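I have placed the structure first, in the form of structure tokens, so that the comments after it can refer back to it.
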Amino acid sequence: MNTVNWDFETDLLVIGSGSAGLTAAVVGEHEGLDVIVLEKEAFYGGTTALSGGVAWVPNNSLMAKAGIDDNPADALTYLKHNIGQRVAESKLQTFVDRAPEMADYLIANSELEFNLVHGFPDYRPETPGGSKGGRSIDPK
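Here it is, written out as structure tokens:
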């Protein structure tokens, strides 16, 4: 194991540079905190960098601007059907409710911009609550 002598102070230490970690770093910086991001791999992005990089954000504002209707209840149905009992419904509901706010926050408070990925369906669009497109957003 490699060891590093640590002689830093910071307000927010983010472990991992995946989408969640980098989102936390952006929020911390926007709120005036001194932020350090640590990543053990040779590249940034965590599993997000290997996943194609799109974010699944139901009922996002880019959909609305493009005239694509989405229903939060359908997104919750989709998640419950595909995830089952592995995640508490309250957590799924929080994701459905807050993911669009997260995307809008990043657009408003960072240099990050998203493109709506037209024609990119949910992984299982045929399942209850599934969508044929619009829920995936891609960073420019």
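Counting from 172, one number per residue, gives the positions in the sequence shown under the working numbering. By construction, the Cβ of each residue, glycine as well, lies at the ideal position given by its N, Cα and C atoms. Since the structure is predicted, the reported quantities are computational estimates derived from the model, not experimental observations.
Coil, strand or helix - ALA259 by DSSP:
coil
Does the segment 289-300 come into contact with the segment 240-253, if we say contact requires no fewer than three beta-carbon pairs (one atom in each stretch) closer than 8 Å?
yes
Helix, strand or coil for PRO243? Go by DSSP, reduced to three states.
helix
Which of the three DSSP states, helix, strand or coil, is assigned to SER307?
Shown here, SER307 sits in a strand according to DSSP, grouped into three states.
Taking the alpha helix (DSSP H) that GLY198 belongs to, which residues open and close that run?
Gly is not the amino acid found at residue 198; the sequence shown has Val there. Following the DSSP letters along the chain, one finds VAL198 inside the alpha helix (DSSP H) bounded by residues 190-201.
Could you please give me the residues that DSSP links to VAL228 through a beta bridge?
For VAL228, which the question treats as bridged, DSSP gives no partner whatsoever.
Own chain residues within Cβ distance below 6 Å of ALA196, not counting five before or after
VAL185, VAL206, VAL208
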